[in-house]
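Worksheet: the structure to be examined is printed underneath.
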Amino acid sequence: MKIICAEDYADMSCKAADLLSEQIILKSDSILGLATGGTVLGIYNHLIQQYQKKHIDFAQIRTVNLDEYTGLSPDDKNSYHWYMKQNFFSHVNLDPSNCYLPDGRAESPAEECSRYEQLIASLGGIDLQLLGLGHNGHIGFNEPGTGFDEKTHLVTLSESTRQANSRFFPAENDIPKQAITMGIKSIMKARRILLCVSGAAKAEILQQVLFGPVTPKIPGSILQMHPDVTVIADMAACSCLPEEYRI
Ligand code: F6R
């Protein structure tokens with residue numbers, strides 16, 4: 125595992141975007157696993173700038189997102205379909221038919237989960253998976269207690285995750301209670317993983333994820349077992365890590 129301590133959020137975003145750009149340049153038909161949320165917004169901004177400068181080309185890239193809330197249509201401003209379109213897809217030359225997210229409105233979530241898992245396999249698996257980290261150690265929407273052998277599945281979001289995401293919704297009742305998420309097993313199959321973490325509020329959980337016991341109680345701790353993980357975290361998020369990982 126490679127741990128990179130960035131100066132601040134801007135530096136973290138820049139370093140993470142550089143790693144993604146390198147992947148795109150070296151393999152122009154890469155399958156990228158993408159995430160939503162606040163942490164990755166700066167990364168998408170940098171990638172858009174790199175695209176505008178013609179440094180990277182998304183023509184052959186395909187993307188698979190980690191998760192989607194259930195019950196929201198792709199046009200719902202709170203859906204992750206909408207988030208991705210607004211913050212990334214519509215600003216680069218990604219072919220919309222090459223961008224995949226779980227269908228949160230599927231009549232049978234169970235069937236949608238297995239369809240999504242098969243879709244990832246049919247693409248040949250994920251070359252590089254981008255991850256943020258939840259305050260409770262979740263990756264994707266794999267909440268504490270999720271089995272490490274779970275594939276894409278339906279989850280009931282924990283109260284703490286709903287609270288953390290309440291900033292994106294007009295009222296508490298609007299926050300969905302369930303989501304479809306790639307499972308830990310799906311994430312661990314990615315050939316490379318990039319975990320990005322920002323802010324002092326995640327310093328303790330990052331320390332547990334990287335240096336604590338590998339346990340379903342801290343879902344992100346499984347990343348210690350993956351052969352190719354890069355962690356890029358800002359100084360505030362690194363503040364509980366051993367001294368050699370801080371700047
Ligand atoms: C988003 C996702 C989540 C977030 C995590 C951090 O697709 O799967 O695991 O990455 O909740 O969210 P932020 O960056 O908003 O703190």
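Taking our numbering, the leading residue of the sequence shown gets 125, the next gets one more, and so forth.
C-beta: ideal position from N, C-alpha, C; glycine also.
Being a predicted model, the structure only gives us computed values, none of them experimental.
Query                                                                                                                                                                    : Result
The beta strand (DSSP E) with Ile356 in it runs from where to where?                                                                                                     : 353-358
Identify whether Val216 lies in helix, strand or coil by the three-state DSSP scheme.                                                                                    : coil
Identify which residue in His215, Tyr240, Asn217, Glu274 has its Cα closest to the Cα of Tyr224.                                                                         : Tyr240
For the segment 173-255, list the beta strand (DSSP E) runs that are entirely contained and at least 3 residues long, ordered along the chain.                           : 186-189, 191-193, 252-255
Using 8 Å for Cβ pairs, my map puts Thr305 next to Phe265. What's the rounded Cβ distance?                                                                               : 4 Å
In the DSSP assignment, what residue or residues form a beta bridge with Val338?                                                                                         : Per DSSP, none; premise fails for Val338.
Counting by C-beta, which residues lie closer than 6 Å to a heavy atom of the ligand F6R, in chain order?                                                                : Ala159, Thr160, Gly161, Gly162, Thr163, Leu190, Asp191, Gly256, Leu257, Gly258, His262, Ile263, Gly264, Phe265
Evaluate Pro351 with the Cβ neighbour count: other Cβ atoms within 10 Å of its Cβ, from every protein chain shown; 16 or more gives buried, anything less gives exposed. : exposed
Would you mind reading off the limits of the alpha helix (DSSP H) that contains Ile155?                                                                                  : Segment 155-158 is the beta strand (DSSP E) holding Ile155; no alpha helix (DSSP H) there.
Look at the alpha carbon of Gly157 and the alpha carbon of Glu367, and state the distance between them as a whole number of angstroms.                                   : 31 Å
Decide if Gln147 is buried, meaning its Cβ has at least 16 other Cβ atoms within 10 Å, or exposed.                                                                       : buried
DSSP puts Lys309 in a beta bridge; with which residues?                                                                                                                  : Partner(s): none; Lys309 has no beta bridge.
Count Cβ pairs between the segment 283-298 and the segment 308-324 that sit closer than 8 Å; are there 3 or more?                                                        : no
Rounded to whole angstroms, how far is the Cβ of Leu255 from the Cβ of Ile317, which I believe are closer than 8 Å?                                                      : 6 Å
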